[in-house]
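Notes to accompany the following structure.
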Amino acid sequence: MELLEQIKANAQKYSKRIVLPEGTEERTLKAAEVILSEGIAQLILLGKPEDILKQAEKLGLKNIEKATLIDPDSHAKKEVYADLLVELRKSKGMTKEQALKLVVDPLYLATLMIKNGDADGEVAGAINATGDVLRPAFQIVKTEPGISVVSGAFMLLTNKPEFGENGLLVVADCAVHPNPTAEELAEIAVVTARTARNIAKIEPRVAMLSFSTKGSAKNELVDKVVKATELAQKMAPNVMIDGELQADAALVPSVGNLKAPGSPVAGKANVLIFPSLEVGNISYKLVQRIAGIEAVGPVLQGMAAPINDLSRGCSVNDIINMVAITANQAAGLTK
1 MELLEQIKAN
11 AQKYSKRIVL
21 PEGTEERTLK
31 AAEVILSEGI
41 AQLILLGKPE
51 DILKQAEKLG
61 LKNIEKATLI
71 DPDSHAKKEV
81 YADLLVELRK
91 SKGMTKEQAL
101 KLVVDPLYLA
111 TLMIKNGDAD
121 GEVAGAINAT
131 GDVLRPAFQI
141 VKTEPGISVV
151 SGAFMLLTNK
161 PEFGENGLLV
171 VADCAVHPNP
181 TAEELAEIAV
191 VTARTARNIA
201 KIEPRVAMLS
211 FSTKGSAKNE
221 LVDKVVKATE
231 LAQKMAPNVM
241 IDGELQADAA
251 LVPSVGNLKA
261 PGSPVAGKAN
271 VLIFPSLEVG
281 NISYKLVQRI
291 AGIEAVGPVL
301 QGMAAPINDL
311 SRGCSVNDII
321 NMVAITANQA
331 AGLTK
């Protein structure tokens, strides 16, 4: 079974509650129709119910009524969520009056629902900028215990079984944090290993990438990766993590055996951690465009609950896939 089909099948087992704040947006509704008909997740659509149903009828959609429809202007827990927001943001001077204005914003309402235990995850961004999606997430849901940084992972489907896990590579950070410290890079490695387990269902073998392998070059940039490797190994002693490794030493058995003999990761890595966002973003786009490798993501990692951001150019299938991925993340966090 292909990876995305497996992710959807797993999501069907979990039946997680995913909130879609952009409930009247056309692509979101078309995706919701498929998600509901296939049982990929329970859906909560935010928007005026009459507008959602009118749009669904116009688009010829038959299953939207299976979703929970919530009007942000008049929802039953408006006061509850406002009080919760005041409590969470009291150190910033949040007042009840300010909170009551924010809880009618679908992006704030979605994150408050998650924080209050009324939803398991969120997918947004089809018509909202990344900053607008993530701002309430950082303020309300925040990062998971022991993690200070949010990062973005991609699953690269190479169709070359000699690499990674039968052609699958999980790579990060390609989307969020520009120049992580050694401590932050270690955290990114640990949460990406978790993504590999929870979503890709593979046992991670994590390579901390650099332009040096085991001391072949001396530079402060190499030193950062060496330190990050040591910290990541201490944070997750049950995960195979090694570095610093060059990309070929991480992926090619003959090179790995030559440059890093005895390494549990070299030559057979299936998770690649880039030393900076610059490297990660350039790398995944190069292989995507030149080699035609399918890149699924970004999957946001490190949040206390799964909140994923879409590209505003996303397709219906992108939304379906991200909802399934978010459901898998939610299941992994509750294990």
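If you count the sequence shown from 1, position 58 lands on 58 in UniProt numbering, and the numbers rise without skipping.
Even glycine gets a Cβ: it sits at the ideal position worked out from N, Cα and C.
The model shown is predicted, which means the values in this text are computed figures rather than measured ones.
Work out the CA separation of residue j and residue i for me, nearest whole Å.
i	j	result
Arg289	Lys224	30 Å
Ser212	Glu162	23 Å
Val103	Lys77	10 Å
Glu294	Val239	26 Å
Lys115	Pro136	11 Å
Leu4	Thr229	30 Å
Val19	Glu144	19 Å
Asn328	Ile199	6 Å
Val171	Ile241	14 Å
Asn257	Ala11	38 Å
Ala269	Ala207	6 Å
Asn159	Gly332	26 Å
Pro21	Asn317	17 Å
Gln301	Asp71	29 Å
Lys66	Thr24	15 Å
Gly39	Gly243	41 Å
Ser91	Ile273	35 Å
Ser37	Leu43	11 Å
Ser315	Lys218	45 Å
Gln98	Leu88	13 Å
residue 406	Ala330	No statement about residue 406 is possible, as the shown extent of the chain runs from 1 to 335 and does not include it.
Tyr14	Ala291	34 Å
Tyr284	Asp248	15 Å
Thr84	Gly297	The identity of residue 84 in the sequence shown is Leu, whereas the question assumes Thr. Distance between the alpha carbons of Leu84 and Gly297: 31 Å.
Gly93	Thr326	32 Å
Glu26	Leu168	32 Å
Pull up the DSSP beta-bridge partners for residue i, would you.
i	result
Gln42	Arg17
Arg205	Met240
Thr111	For Thr111, which the question treats as bridged, DSSP gives no partner whatsoever.
Met303	Thr143
Phe154	Val171
Asp309	Ala124
Val296	Met155
Leu85	Per DSSP, none; premise fails for Leu85.
Leu134	Answer is none; Leu134 lacks a bridge partner.
Leu272	Val171, Ala207
Ile70	Leu46
Leu245	Leu209
Considering only C-alpha positions, which residue in the set the options is nearest to residue i?
i	options	result
Gln6	Ala330, Ala324, Leu333	Ala324
Val191	Ala153, Ala175, Leu221	Ala153
Leu156	Gly47, Ser74, Val299, Glu122	Val299
residue 350	Glu87, Asp51, Leu277	With the chain represented from 1 up to 335, any question about residue 350 goes unanswered, as that position is not in the structure.
Ile64	Ala41, Ala217, Leu209, Ile52	Ile52
Ile307	Leu59, Ile319, Ala247	Ile319
Leu69	Pro204, Lys54, Val222	Lys54
Ile282	Cys174, Met322, Lys214, Gly297	Cys174
Ala41	Ala119, Gly125, Glu183	Ala119
Ala250	Lys227, Leu209, Met303, Ala217	Leu209
Gly117	Gly146, Val80, Ser148, Asn179	Val80
Glu183	Ser216, Arg205, Lys234	Lys234
Glu57	Glu38, Leu36, His75, Lys30	Lys30
Pro178	Leu310, Val279, Leu45	Val279
Lys214	Lys259, Pro264, Leu45	Lys259
Asp73	Val296, Thr326, Leu107, Ser216	Leu107
Arg205	Leu185, Ala291, Asp248, Pro264	Pro264
Lys227	Val252, Lys142, Ala186	Ala186
Please classify residue i as buried or exposed, where buried requires at least 16 other C-beta atoms within 10 Å of its C-beta.
i	result
Lys62	exposed
Ala9	exposed
Thr28	buried
Pro261	exposed
Gly60	exposed
Pro275	buried
Ala129	exposed
Pro237	exposed
Arg312	exposed
Leu221	exposed
Glu2	exposed
Glu33	buried
Gly146	exposed
Gly131	exposed
For residue i and residue j, which I take to be in contact (beta-carbon distance under 8 Å), what is that distance rounded to the nearest angstrom?
i	j	result
Ala266	Leu286	Actually they do not touch by this definition, with Cβ atoms about 23 Å apart.
Ile140	Thr111	4 Å
Val123	Ser151	About 18 Å; that fails the 8 Å criterion.
Val271	Ala193	6 Å
Glu165	Ile127	At roughly 35 Å, the Cβ-Cβ gap does not stay under 8 Å, so Glu165 and Ile127 are not in contact.
Ala189	Ala232	4 Å
Leu100	Ala82	5 Å
Val133	Asp309	5 Å
Ala305	Gly121	6 Å
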